[in-house]
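When we follow my numbering, the leftmost residue of the sequence shown carries the number 731, and every step to the right adds one.
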Amino acid sequence: MFFSRLQIAAGLLASACALSPALAESFKMQGSPVLAHVMVAAAPVLRDQGIEIKVGVEGSSTMAVAMMGDRNVDFALMTRRLTGKDQANFPERELKEFCIGMQVGVFIVPEDVWASGVRSISKAQLQGIYEGQITNWKELGGGDMPIKFFNTERGRGLWELIFTWVYEETRKVPLGKFPITVDGEDARNTVQFTKGGLGIAQINWIDGKTVHGLAIKDEKGEVIEPTLANVAAGKYPLARPAMIVVGETPVGAKKRLIDFLLSPAGQAIVAQSDLVPLKEIAPK
731 MFFSRLQIAA GLLASACALS PALAESFKMQ GSPVLAHVMV AAAPVLRDQG
781 IEIKVGVEGS STMAVAMMGD RNVDFALMTR RLTGKDQANF PERELKEFCI
831 GMQVGVFIVP EDVWASGVRS ISKAQLQGIY EGQITNWKEL GGGDMPIKFF
881 NTERGRGLWE LIFTWVYEET RKVPLGKFPI TVDGEDARNT VQFTKGGLGI
931 AQINWIDGKT VHGLAIKDEK GEVIEPTLAN VAAGKYPLAR PAMIVVGETP
981 VGAKKRLIDF LLSPAGQAIV AQSDLVPLKE IAPK
């Protein structure tokens, strides 16, 4: 069972505390469902260390850091780095950010599309597919077969990452009527067995045999392969950091929580939650 398949309801998800409340320290977190998967999976281990967490998944990264800055929650879970504006909004606080991994999306196709010669896709081509102007792989240099596009859930982490790249702002994305895959495993399985399929998944779901990841062709015509080396070099555009942010230098239980997420055990949970752990994108 992959933690990415957890269904995280809107609102607060409380982890039941196995320790006496007097012995445990409790923290509230707010922000990205992408990181909420990690935290829900980590909750039992943290509980054993005397740390109870409650995770809210409403709102954006900007809202999360605002709630943390106003001391309504203890941690902000973000899919971007802090900005100067974030710091300026809370001058009395010393905001600290910690990257625990990367979210990396990829457009996936089955063997028949790959073998027909389609190896990359551009932003303009994605817009054409999404808006119904491109409907056959032969229009992209492939075989004569209809494009069967499978979307991911609108408004959620992977969809936001992909379509911010395609349209620059998510509010500009048209309402598309496409079948939905619920997570990376579902996208992989669906595309693998769909002739002419095209889906969206995290990078760990491509295997180069039955499911292939398309490279990105940028505005200059450069082809950028979906590899961890390109992610580490900052070249691949469909990638963003998974960040946990606090309002001061963490000490005590806050530091233990962050230390766990950066430890081998914590990074294993990061990987199981469909994020790329830090060691896989570290400079060689």
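Glycine included, every Cβ here is placed at the ideal spot set by N, Cα and C.
Keep in mind it's a predicted model, so treat the numbers as computed, not measured.
For residue j and residue i, the rounded distance between their alpha carbons
i, j, result
"THR920", "THR911", "8 Å"
"ARG823", "ILE999", "30 Å"
"LEU776", "GLY862", "47 Å"
"GLU955", "VAL785", "35 Å"
"ASN960", "ILE936", "15 Å"
"CYS829", "LEU968", "17 Å"
"ASP974", "MET808", "Sequence inspection shows Ile at residue 974; the Asp mentioned does not correspond to that position. Distance between the alpha carbons of ILE974 and MET808 is about 6 Å."
"VAL953", "ARG801", "45 Å"
"GLU949", "GLU827", "32 Å"
"LEU825", "LEU870", "46 Å"
"LYS985", "ILE930", "35 Å"
"ARG811", "PRO971", "7 Å"
"SER1003", "THR865", "33 Å"
"LEU958", "ALA945", "12 Å"
"LEU856", "LEU928", "10 Å"
"GLN859", "GLY814", "It should be pointed out that residue 859 corresponds to Ile in this sequence rather than to Gln. Straight-line Cα distance between these residues: approximately 37 Å."
"ALA752", "THR792", "Only weak support exists for where ALA752 lies, its pLDDT of 46 falling under 50; the value from the coordinates is given anyway. Distance between the alpha carbons of ALA752 and THR792: 33 Å."
"GLU883", "GLN779", "35 Å"
"PHE757", "ALA983", "9 Å"
"GLY906", "PHE893", "12 Å"
"ILE988", "ARG901", "34 Å"
"LYS939", "GLU915", "15 Å"
"ALA771", "ASN934", "18 Å"
Residue from the options with nearest C-alpha to residue i
i, options, result
"PRO1007", "VAL976, LYS826, LEU765 and PRO840", "LEU765"
"ALA754", "PRO821, GLU782 and ASP948", "GLU782"
"MET798", "GLN855, GLY872 and ASN819", "ASN819"
"GLY872", "ASP842, PRO821 and PRO763", "ASP842"
"GLN760", "ALA806, ILE859 and ASP800", "ALA806"
"GLU788", "LEU870, GLN932, SER762 and GLN857", "SER762"
"GLN932", "GLY858, ALA1001, LEU812 and ALA854", "ALA1001"
"LYS925", "ILE838, PHE757, MET769 and GLY780", "ILE838"
"LEU1005", "ALA945, PRO1013, PRO774 and ASP913", "ASP913"
"ILE721", "ALA962, ASP989, ALA983 and GLY982", "One cannot answer for residue 721 here, as it falls past the ends of the chain, which runs 731 to 1014."
"PRO840", "ASP989, LEU905, LYS853 and MET875", "MET875"
"ARG918", "LEU891, ARG901, PHE879 and SER790", "PHE879"
"MET769", "PRO1013, PHE990 and LYS1009", "PHE990"
"TYR897", "ALA773, LYS853 and LYS947", "LYS853"
"ASN881", "LEU891, PRO909, ARG901 and LEU987", "PRO909"
"LYS1009", "PRO774, MET832 and PRO821", "MET832"
"LEU891", "TRP867, TYR966, PRO821 and GLY951", "TYR966"
Whole-angstrom C-beta distance between residue j and residue i, which should lie under 8 Å
i, j, result
"VAL795", "ASP816", "5 Å"
"GLY943", "LEU888", "Contact doesn't hold; Cβ gap of about 14 Å is too wide."
"VAL941", "GLN922", "5 Å"
"LYS947", "ILE877", "In fact, because the Cβ distance is near 17 Å, the residues do not count as touching under 8 Å."
With contact counted as at least three CB pairs below 8 Å, one residue from each stretch, are the region 974-981 and the region 875-894 in contact?
no
Is the region 986-995 touching the region 845-862 in the sense that three or more CB pairs, one from each, lie closer than 8 Å?
no
Ignoring anything shorter than 3 residues or poking outside the region 811-890, list the beta strand (DSSP E) runs there in chain order.
826-840 and 850-852
Where in the region 918-953 do unbroken runs of the beta strand (DSSP E), each at least 3 residues long, occur, reported from the N-terminal end onward?
927-932, 941-943 and 945-947
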